[in-house]
Amino acid sequence: MRVVLVTESFPPDVNGVSHCALQTARHLVRRGHDPLVIAPLGGASAAADTDESPCPVVRVPSMPLPGYPQVRIALPGRRLSAALDGHRPDLVHLASPFVLGARGMAAAARRQVPAIAVYQTDLGRYARTYLGGGAATAWRRIRAVHAAADRTLAPSSAALLDLTEHGVPRVHLWPRGVDSERFHPGRRDAVLRSSLTAGRELLVGYVGRLAPEKDVRLLAETSRLPGVRTVVIGDGPSAAGLRTALPEVRFLGRRTGDELARLYASLDVFVHTGPYETFCQTVQEAMASGVPVVAPRAGGPLDLVDHGRTGLLVTPGDGGAFRDAVRFLAGSTELRVRFGAAARRAVADRSWEAVGDQLLGHYEAVLSDRPAVAA
């Protein structure tokens, strides 16, 4: 099967859309298919394509998003259409379509090529966060793009409900995979943990982008708990402000690969503060690492965290609720071990290979519903 994967983000970008697109391309190659990736061009893209990509990548000109230069916005041009014509896909896969993906959807429709749209970013709520409004406009665009697709894939039951309530048709569930060999309790590093706790009893950590919608500022009360060391792993536009606002927190910057896996496994509690996650891959990686999770009772974590068994769900936006949940878990090593073991069991079988095969099932269902167009 020839597949064109049009994505708003691809390595070297570090985010959920980029990671999922890369894993999708890898699985297609692993299963003997012929994918082509189309993604925005960034400063380090050419080198990353050589190092990481399992298939050819066509880069289209882009510009940084004002106020958030880590996000690239694709510019209009002929490169996308030329790539589609050159690859002659059986199906177009649109990863978090909004700008480049919208053009990919239109190009696929003109060529009568089936398209699957993967919903990954809550752009309506992001519009409120970054623009102070515009959620209705964002949802009109989301609805228009996804309604044109043969099938929309939502990563969680909360996202599926959100899409359905906003009038998006033909929505199906497709979760995310996790590398449970890399993210594993066996990666726990006593020496690393000791260097981070600096004599304190409990190590609490957040992993993710440092951006307004992540609400990392809510860690302030947790970071002041006696005996608790809080670490933040990641980078983003809010980094400088958060370092000032959270003086008790140790900021470790961006970490990847096995180093990140050791950090996850060395935590005693993982805390995710953002309320707008359509899935929340970092929660799943922490669970695979055998770490109990505290997360908002909203969005993707509702599917991932079994409250009272693998972690705790708290009121979104309430720093005191996060503090109280961490304090509760701090009181019992046995409870943390039990929650962490249950968390590991809950996600251990959610490999990217298994999730990738589910995706191929969605491809096959769409293709079977759309008769082939004569060449």
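Following my numbering, the numbering of the sequence shown begins with 1 at its first residue and continues without gaps.
Every residue, glycine too, gets a C-beta built ideally from N, C-alpha and C.
Own chain, CB closer than 6 angstroms to residue i, minus 5 neighbours either side, in chain order
| i | result |
| --- | --- |
| A330 | L202 |
| A74 | P40, V60, S62, V99 and L100 |
| G42 | R72 |
| G340 | G290, V291 and P292 |
| G356 | H27 |
| V171 | T152, A154, L160, L163 and T164 |
| F251 | V232 and R243 |
| R217 | A245 |
| A83 | I38 and V58 |
| A117 | L94, P97, H146, A149 and T152 |
| T7 | A21, A39 and A95 |
| W352 | Q23 and G177 |
| R342 | In the sequence under discussion, the amino acid at residue 342 is Ala, which differs from the Arg named in the question. Here the set comprises R309 and T310. |
Close beta carbons around residue i, own chain, < 7 angstroms, minus the five adjacent residues each side
| i | result |
| --- | --- |
| I268 | The question names Ile, but residue 268 is Asp in the sequence shown. Closer than 7 angstroms at the Cβ level, and outside the excluded window around D268, lie L202, L203, V204 and R336. |
| C55 | A25, V29, P35, L36 and V37 |
| D215 | T273, G274, P275 and G317 |
| T278 | Y119, Q120, T121, D122, P155, S156, A159, G299 and G300 |
| R370 | P114 and D150 |
| A367 | Reading off the sequence shown, one finds Leu at residue 367, where the question assumed Ala. Around L367: D90, L91 and P114. |
| V438 | For residue 438 there is no data in the structure shown, the boundaries of the chain being 1 and 375. |
| R88 | R2 |
| P305 | A quick correction: the sequence has Val, not Pro, at residue 305. Answer for V305: V283, V293, A295, G311 and L313, listed in chain order. |
| E52 | P11 and L22 |
| S81 | A107 |
| R255 | I233 and L263 |
| G253 | D235 |
| G77 | V60 and P61 |
| A375 | Summary for A375: the model assigns pLDDT 44, below 50, so the residue's position carries little reliability; its value from the coordinates is reported in the next sentence. Answer for A375: no residue qualifies. |
| R103 | L80 |
| H307 | L313 |
| Q358 | W174 |
| F183 | A261, Y264, E285, A288 and S289 |
| A325 | V294, L312 and V314 |
For residue j and residue i, believed in contact at Cβ under 8 angstroms, the rounded distance
| i | j | result |
| --- | --- | --- |
| R143 | V168 | 6 angstroms |
| A288 | S180 | 5 angstroms |
| V113 | L91 | 7 angstroms |
| A346 | T310 | 5 angstroms |
| D235 | L263 | Not quite, the Cβ-Cβ distance comes to about 14 angstroms (not below 8 angstroms), so this is no contact. |
| R188 | A265 | 4 angstroms |
| V271 | Y206 | 5 angstroms |
| V191 | S223 | Wrong, their Cβ atoms sit about 23 angstroms apart, outside the cutoff. |
| R344 | P185 | 6 angstroms |
| R297 | T315 | 6 angstroms |
| R323 | L225 | 6 angstroms |
| R31 | L360 | 7 angstroms |
Opposing strand residues paired with residue i [DSSP bridges]
| i | result |
| --- | --- |
| P64 | R72 |
| H93 | L5 and I116 |
| T152 | A117 and V171 |
| G253 | I233 |
| A39 | R59 |
| D34 | R2 |
Any non-hydrogen atom of the ligand GDP within 6 angstroms of residue i CB
| i | result |
| --- | --- |
| G311 | The model on display carries no ligand, and the ligand GDP is accordingly not part of it. |
Contact set for residue i: own chain, Cβ-Cβ below 8 angstroms, skip 5 residues either direction
| i | result |
| --- | --- |
| G320 | E221 |
| S238 | L210, A211, P212, K214 and V216 |
| R200 | G227, V228 and R229 |
| P64 | Q70, V71, R72 and I73 |
| H362 | I116, R151, L153, H172 and W174 |
| request: Examine the Cβ distances between the region 13-21 and the region 258-275 and report whether three or more of them are shorter than 8 angstroms. | output: no
| Where in the region 268-318 do unbroken runs of the beta strand (DSSP E), each at least 3 residues long, occur, reported from the N-terminal end onward? | 269-271, 293-296 and 311-314
| task | Pick out the complete alpha helix (DSSP H) segments inside the region 156-233, 4 residues or longer, and give them in chain order. | result | 157-165, 190-197 and 220-223
| When the Cβ atoms of the region 225-235 are set against those of the region 289-309, are three or more pairs found closer than 8 angstroms? | no
| request: Inspect the CB distances between the region 105-112 and the region 81-97 and report whether three or more fall short of 8 angstroms. | output: yes
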